[in-house]
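*Asks:* Before anything else, here's the structure in question.
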Amino acid sequence: MADQDQINNKEKETTKKISRRSALKALAGVPVAGFLGIKVFDKLNYDKDQKLRLVRELGLHDLELPVSDFGKKEASGELIRIGIIGFGTRGTQLASALGFLHPDAVEQRKKNNTLKDIVNQEYLNVAITGVCDVFDMNAEKGMIIAKNPVHPDKVTHHLPVKRYRTYHEMLADKDIDAVIISTPDHQHGHMAIEATKAGKHIYLEKSVAHTEEELNELYRLVKQSDITFQLGHQITQSTVFQQAKEIIRKNVLGKITLIETTSNRNTASGAWIRHLDANGNPKPGDERTIDWKQWLGPAPYVPFSIDRFYNWTKWFDYDTGLIGQLFTHEFDAVNQLLRIGIPTTVMSSGGIYYWKDNREMPDSLHCVFEYPDKDLTLMYSGNLASSRSRGRVFMGHDASMELGNDIKITIDKDSTQFKGGIASGIIDPSAPALSFNPNAGQIDAVSSASEKYFASRGLSNTKINGYNIDVTHLHLREWVNCIREQKTPSANIDMAYEEGIACIMAHRSYVEKRLVRWDKEKKKII
Amino acid sequence: MTKNTISYTSLQLILLLLLRFLIGWHILYEGISKAIIPDWTAAEYLKNSQWILTDFFQWIVSNPSVMSFVDFMNVWGLILIGTGIILGCCFKIAAVSGFVLLLLYYLATPPMIGLAYQVPVEGSNLIVNKTLIEAVVLLLLAVFPTNKFYGLDYFLCKSFNNRKGDGRPGSNK
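First to last, the sequence lines map onto chains A and B. For the first sequence, the residue numbers in the working numbering are 65 to 590. For the second sequence, the residue numbers in the working numbering are 4 to 176.
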């Protein structure tokens with residue numbers, strides 16, 4: 065009996081041992097998972113440490129990154145009644161950035177799921193109460209848009225929308241507080257002058273003025289007035305620009321002696337051939353529906369031409385081409401960051417090398433702006449027959465910064481400031497060392513190969529406080545807020561004047577085939 | 004080898020376990036690394052897609068809500084699959100799910116003749132790449148299981164068998 069008990073106990077013990085051993089075997093993966101956990105923790109610490117060391121080495125550890133208040137406050141103050149002069153493509157985009165969409169556009173955006181980008185815009189407490197366009201079709205479309213806010217629940221007024229036959233009529237109406245001017249460029253200067261005289265706040269699409277005389281007059285009048293003036297630009301409203309400003313302030317780039325800006329497009333529309341629709345049929349418009357005399361404005365008389373009406377950028381009478389349409393944005397970007405002001409000299413060259421139609425405007429243009437008092441050259445190169453992206457680069461002795469949808473900073477291999485960091489291996493000068501990720505809202509040290517790849521391609525989205533927002537909305541929002549708070553917006557009349565002079569100098573240099581100078585004393589282009 | 008039990012030599016067992024842990028590790032860390040990147044999204048990868056599933060992947064990218072769901076499922080799918088494979092927990096489901104996920108990755112950017120991608124790839128590939136191999140290895144692990152003895156599935160099987168039998172260990176043998 066005792067023997068039997070002993071055998072039973074032994075069997076039980078063996079079963080227990082087997083069961084314990086089986087249980088231990090079953091847990092074989094646990095130490096592996098645990099080891100991975102420890103290694104993930106180690107890697108996170110290592111990456112954080114490397115990032116900190118790099119950021120410290122670059123002197124960016126106490127970077128003060130601006131925080132946008134977008135979407136964090138309700139529209140305050142009184143309703144602003146806006147009149148839009150020029151309701152073509154750009155006018156429609158500006159109305160959308162204010163929160164007004166054509167019902168067809170609402171449907172279209174519902175289909176491609178982009179309506180929320182407009183709905184997510186801040187409600188600005190503005191009304192489009194006036195529409196003025198020399199083309200009946202545009203004016204009628206503008207009236208429909210002005211009556212269709214995307215935030216109908218927030219609208220507390222029910223003001224009528226009025227069509228004005230001339231911009232003079234609109235400016236004379238005391239029920240208009242502010243105007244947006246989005247006409248062809250040759251109308252900008254004198255319309256803005258008249259609007260200032262009428263005491264209206266102005267949002268003026270670039271370029272600011274077609275002649276030096278108009279620009280001087282506009283500058284003088286706006287400076288003497290109480291109106292809020294904003295020039296229509298978008299780039300500088302993006303979050304990355306605010307970051308770039310801070311990086312330059314921290315002198316990461318060292319002494320900047322060269323800035324290279326570029327534009328590239330390679331389509332007929334990009335080369336300002338826009339009189340045909342997507343199916344190749346002529347767009348609408350004739351002398352009966354277009355007030356041609358009013359369209360010409362101060363430009364020399366020519367008989368009605370649908371080519372000139374849609375493709376006005378091809379002629380010197382109405383525009384300055386690559387300079388007025390694209391370089392203006394580049395200049396604004398650089399001037400907002402470095403406040404370079406008016407160049408001492410400008411030399412432009414180029415020609416009509418691809419789009420050999422009836423145009424006067426060059427399709428390949430290169431301008432060199434010299435700032436000897438700032439030890440700086442600003443270069444611009446634009447081409448309308450190649451879509452190769454060349455970016456915008458600020459070149460300093462210690463680092464270069466490529467500024468686009470994101471920021472990429474590459475430390476110079478011969479930098480003096482970062483000599484130690486390069487020698488110690490903390491800084492790798494062969495690839496971007498820093499990038500700004502607008503989604504994360506912070507400066508990132510670029511550590512892995514794939515991160516370096518994505519940084520070099522600029523494959524990231526611009527977001528503000530988690531929203532995908534049209535930068536034009538931000539620029540208009542700034543203007544509206546400045547009107548209410550009586551503040552000066554970023555693209556104010558001083559910035560507009562400097563940009564306008566630089567652009568007129570560049571255009572004159574191309575047309576007159578000579579070096580153009582700025583007489584600082586007489587404030588005159590010579 | 005019977006229907007319910009597979010016997011391996013020690014070497015076979017060690018190599019199968021090693022393979023299981025390495026693949027589990029790889030998949031789990033892929034998931035963790037994506038989870039810790041703020042606002043990580045597969046959108047750029049999917050935009051780059053070519054071949055037979057291009058339209059499907061483009062549809063995902065063009066619908067932000069679908070994209071968010073796919074990103075969430077992708078990250079947590081990788082984490083759960085990786086964990087399941089390492090720990091031998093719900094192993095067959097994890098391995099087969101891993102196979103399906105990796106096959107989708109493969110079909111998004113297969114190295115077919117004439118297809119070129121913006122995203123750089125490791126090594127030189129023609130039709131076969133490491134993603135496809137890893138996918139097939141997951142199937143192989145599913146048919147050569149080690150989880151019932153060297154995984155948490157041991158406990159799951161045990162409790163399942165207990166419930167099936169009279170509650171005593173081994174009663175269903």
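C-beta: ideal position from N, C-alpha, C; glycine also. All of these numbers come straight from a predicted model, not from anything done at the bench.
Output needed in chain order: residues of the segment 83-103 of chain A with a Cβ under 8 Å from some Cβ in chain B.
*Replies:* 83, 86, 87, 89, 90, 91, 92, 93, 94, 96, 97 and 100
*Asks:* At the 9 Å Cβ level, is residue 623(A) part of the contact set with chain B, yes or no?
*Replies:* Residue numbering for chain A in the displayed model covers 65 to 590; residue 623(A) lies beyond these limits and cannot be assessed.
*Asks:* Compile a chain-ordered list of the residues in the segment 16-33 of chain B whose CB is closer than 9 Å to at least one CB of chain A.
*Replies:* 20, 23, 24, 27, 28, 31 and 32
*Asks:* Got a sec: which bits of the segment 86-97 of chain B sit with their beta carbon under 9 Å from any beta carbon on chain A, in order along the chain?
*Replies:* 86, 88, 89, 90, 91 and 92
*Asks:* Is the Cβ of residue 157(B) closer than 9 Å to any Cβ of chain A?
*Replies:* yes
*Asks:* Give the DSSP-derived three-state secondary structure of residue 207(A) in the structure shown.
*Replies:* helix
*Asks:* What is the DSSP secondary structure of residue 140(A), reduced to helix, strand or coil?
*Replies:* coil
*Asks:* Under 8 Å: do the segment 201-213 of chain A and the segment 141-161 of chain A share three or more Cβ pairs, one atom per stretch?
*Replies:* With a cut-off of 8 Å, the segment 141-161 of chain A and the segment 201-213 of chain A count as touching, because enough Cβ pairs lie within range.
*Asks:* Which class does residue 436(A) belong to by DSSP, given the choice of helix, strand or coil?
*Replies:* helix
*Asks:* Ignoring anything shorter than 3 residues or poking outside the segment 371-451 of chain A, list the beta strand (DSSP E) runs there in chain order.
*Replies:* 409-415, 428-435 and 440-447
*Asks:* In angstroms with no decimal places, state the Cα-to-Cα distance between residue 20(B) and residue 181(A).
*Replies:* 50 Å
*Asks:* Out of 308(A), 191(A) and 140(A), which one is the CA nearest neighbour of residue 240(A)?
*Replies:* For residue 240(A), the closest of 308(A), 191(A) and 140(A) by C-alpha to C-alpha distance is 191(A).
*Asks:* Considering only their Cβ atoms, is the gap separating residue 93(A) from residue 34(B) smaller than 9 Å?
*Replies:* no
*Asks:* For a quick check, are the C-beta atoms of residue 242(A) and residue 147(A) less than 9 Å apart?
*Replies:* yes
*Asks:* For residue 269(A) and residue 493(A), what's the separation of their Cα atoms in angstroms?
*Replies:* 40 Å
*Asks:* Could you work out which residues of chain B lie near residue 177(A), taking near to mean beta carbons separated by less than 9 Å?
*Replies:* 65, 66, 67 and 68
*Asks:* Since residue 65(B) is in the alpha helix (DSSP H), which residue starts that stretch and which ends it?
*Replies:* 57-65
*Asks:* Is it buried or exposed for residue 524(A), if we count other Cβ within 10 angstroms and need 16 for buried?
*Replies:* For residue 524(A), the pLDDT reaches just 31, beneath the cut-off of 50, and the residue's location in the model is therefore unreliable, although a value from the coordinates is still provided. The residue is buried, with at least 16 neighbouring Cβ atoms inside 10 Å.
*Asks:* Taking buried to mean at least 16 other C-beta atoms within 10 Å of its own C-beta, is residue 161(A) buried or exposed?
*Replies:* Under this definition residue 161(A) is a buried residue.
*Asks:* Using beta-carbon positions only, say whether residue 440(A) and residue 456(A) come within less than 9 Å of one another.
*Replies:* Contact flag unset, no.
*Asks:* Taking only three categories from DSSP, how would you classify residue 517(A)?
*Replies:* Summary for residue 517(A): the model assigns pLDDT 44, below 50, so the residue's position carries little reliability, and this model does not support an answer.
*Asks:* With 16 other CB atoms within 10 Å as the buried threshold, where does residue 110(A) fall?
*Replies:* Looking at its Cβ environment, which holds fewer than 16 other Cβ atoms inside 10 Å, residue 110(A) is exposed.
*Asks:* At which residues does the beta strand (DSSP E) containing residue 567(A) begin and terminate?
*Replies:* From DSSP, residue 567(A) is part of no beta strand (DSSP E) but of the alpha helix (DSSP H) over 557-576.
*Asks:* At the 9 Å Cβ level, is residue 126(B) part of the contact set with chain A, yes or no?
*Replies:* So, not an interface residue.
*Asks:* What distance in whole Å lies between the Cβ atoms of residue 144(B) and residue 31(B), which are believed to be in contact at a cut-off of 8 Å?
*Replies:* Contact annotation, residue 31(B) with residue 144(B): C-beta distance approximately 15 Å; criterion of less than 8 Å not satisfied.
*Asks:* How far does the alpha helix (DSSP H) with residue 35(B) in it reach, from first residue to last?
*Replies:* 13-38
*Asks:* For residue 154(B), go through chain A and note every residue whose CB falls closer than 8 Å to its CB, in chain order.
*Replies:* By Cβ distance, chain A contributes 90, 92 and 93.
*Asks:* Rounded to a whole number of angstroms, what is the C-alpha to C-alpha distance between residue 598(A) and residue 590(A)?
*Replies:* Lying outside 65 to 590, the shown extent of chain A, residue 598(A) is not represented and no answer is given.
*Asks:* Could you check where the beta strand (DSSP E) with residue 245(A) kicks off and where it finishes?
*Replies:* 242-245
*Asks:* I need the DSSP call for residue 85(B), collapsed to helix, strand or coil.
*Replies:* helix
*Asks:* Could you tell me which uninterrupted beta strand (DSSP E) segments, each at least 3 residues in length, are contained entirely in the segment 99-168 of chain A, listed from first to last along the chain?
*Replies:* 144-149
*Asks:* Would you mind sorting residue 146(B) into buried or exposed? The rule is 16 or more other CB atoms within 10 Å of its CB.
*Replies:* exposed
*Asks:* Between residue 52(B) and residue 120(B), what straight-line distance do the alpha-carbon atoms span, to the nearest angstrom?
*Replies:* 8 Å
*Asks:* Given that a residue counts as buried once 16 or more other Cβ atoms are within 10 Å of its Cβ, and exposed if not, what is residue 132(B)?
*Replies:* With 16 or more other Cβ atoms within 10 Å, it is buried.
*Asks:* Check the C-beta distance from residue 471(A) over to residue 438(A) and give it rounded, since I have them as a contact under 8 Å.
*Replies:* Actually they do not touch by this definition, with Cβ atoms about 22 Å apart.
*Asks:* Going by the beta-carbon positions, is the gap between residue 271(A) and residue 528(A) smaller than 9 Å?
*Replies:* No, they are not a contact pair.
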